Amino acid sequence: MRIEGTSALVTGGAGGLGEATVRRLAAAGAKVVIADLSDERGEALAKELGDGAIFVRTDATDEDSVLAAVAAAGELGPLRIAVSAHGGPVAGQRILSRDGTPYDLDLFRRTLDIYLTGTFNVLRLAAAAMAKNEPEESGSRGVVVNTASIAAFEGQIGQSDYSAAKGGVVGLGLVAARDLSAVGVRVMTIAPGTFFTPAFRIPEEQAQEAWGSKVPFPRRMGRPEEYAALVQSIAENDYLNGEVIRIDGALRFSPK
Ligand SMILES: NC(=O)c1ccc[n+]([C@@H]2O[C@H](COP(=O)([O-])OP(=O)(O)OC[C@H]3O[C@@H](n4cnc5c(N)ncnc54)[C@H](O)[C@@H]3O)[C@@H](O)[C@H]2O)c1
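Just so we're aligned: the sequence shown equals residues -9 to 246 in the numbering used here.
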C-alpha cells in the first residue's frame, strides 16, 4: 500500500511507540492524526511536525471521541492506516495478595477497557471509514495495526489483567482480518518485547539495566523507531495480514 497521500490515525500518538510511529508515517508522506489523551505532548508534536500531523484529543475507549478522530483524519486524506498504540499504567498485583485478598475486579475491567476494548473500538470505527475508500489497484482499502505485547504469550507474575487484555488483542487479529477481507482492509498485530518509552517512568540507564540486560540480542531494550519501522513495513506490504509479529530481540519473559 502506498503511504504517501493517505491519512493515518495513531492512538497513543503522543506516547513512546505512538510518537515514533507518527514521525515515521509523516516522514513517509502521510498526514497523521495524533489521537491521544495528552494535550500537552500531542499539541507539541503536532506543532513540531507542521502540516504533517494534527492533534485530536482522543479517548480510544470512547465511541464519539474515536469517531471525531476518524472524521478529522478523513479531512486530511483517505484514512488508510490506523495504529492502536495507546496505554496507561497497570497496577501489577498478583491475583491473590499476601493476605489472600483477590485482585480488584474494577481494576481488571479498567485494564481490559483500555487495552482491549479501546483497541477494538479503534479497529471497528477506522475500518468503517476505510471501507468507503476507493480501493488501490490491489483492492486494498487500508490497514489496521494493533499493539499487543509478548506478555500476551508469557505473562509475568502480577500481569493477569494486562496479559489477558493483550491476549485478547492477539485473538482479535485473525478474526478481524477475516471479517474485513470483504472490504480489503488488512489487520496486523505487533507484539513488542521491552521498548524504552515514557511508560517505564524511570531513567533510561536504570531501565536498560533491569530490562535490556535480559534481551538475548541485541542486548538492549527496543527503540521506538524500530517499532515504527515495522508499522511502515506492514503498511507497505499487502501480503502481511492476520498475523502477529513479535519484535523482541528473542526475549521470552520469565515468570518474574
Ligand atoms: N514500551 C514497551 O515496552 C511495550 C511493550 C509491549 C507493549 N507495549 C504496548 O504499546 C503501547 C504503547 O506503549 P508505550 O510504551 O508507548 O506507552 P506510553 O505510556 O509511552 O504511551 C502511551 C500513550 O497512550 C496515551 N493514552 C492512554 N490512554 C489512552 C486512551 N484511552 N486513549 C488515547 N490515548 C491514550 C497516553 O497519553 C500516552 O501518550 C501500549 O499498548 C503498550 O501496552 C509497550
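Ideal placement from N, C-alpha and C gives every residue a C-beta, glycine not left out.
Every value quoted in this text rests on a predicted model; they were computed, and no experiment measured them.
Buried versus exposed, by CB contacts within 10 Å (16 or more), residue i
i: residue 62; result: buried
i: residue 165; result: exposed
i: residue 26; result: buried
i: residue 118; result: exposed
i: residue 21; result: buried
i: residue 200; result: exposed
i: residue 246; result: exposed
i: residue 122; result: exposed
i: residue 151; result: buried
beta-carbon residue i near ligand 1 non-hydrogen atom, thresh 8 Å
i: residue 189; result: yes
i: residue -4; result: no
i: residue 140; result: yes
i: residue 68; result: no
i: residue 204; result: no
i: residue 27; result: yes
i: residue 54; result: no
Residue range of the unbroken beta strand (DSSP E) whose run includes residue i
i: residue 207; result: Where residue 207 is concerned, there is no enclosing beta strand (DSSP E), given that its DSSP letter is neither H nor E.
i: residue 1; result: -3 to 1
i: residue 74; result: 69 to 74
i: residue 234; result: 234 to 237
Same chain only: Cβ atoms within 6 Å of residue i, ignoring 5 sequence neighbours per side
i: residue 158; result: 106
Start and end residues, alpha helix (DSSP H) containing residue i
i: residue 190; result: Segment: none, residue 190 is in no alpha helix (DSSP H) and carries neither H nor E.
i: residue 125; result: First-last for residue 125: undefined, no H or E at that position.
i: residue 220; result: 214 to 226
i: residue 11; result: 6 to 17
Cβ neighbours of residue i in the same chain (closer than 8 Å, five flanking residues each side left out)
i: residue 86; result: 92 and 93
7 Å Cβ shell around residue i - same chain, five flanking residues per side excluded
i: residue 37; result: none
i: residue 204; result: 241
Item checked: Every unbroken beta strand (DSSP E) inside the stretch 22 to 61 [3 residues or more] -> 43 to 47
_Uninterrupted alpha helix (DSSP H) stretches inside the stretch 94 to 178 (no shorter than 4 residues)_ = Listed in chain order, they are 95 to 102, 108 to 120 and 150 to 170.
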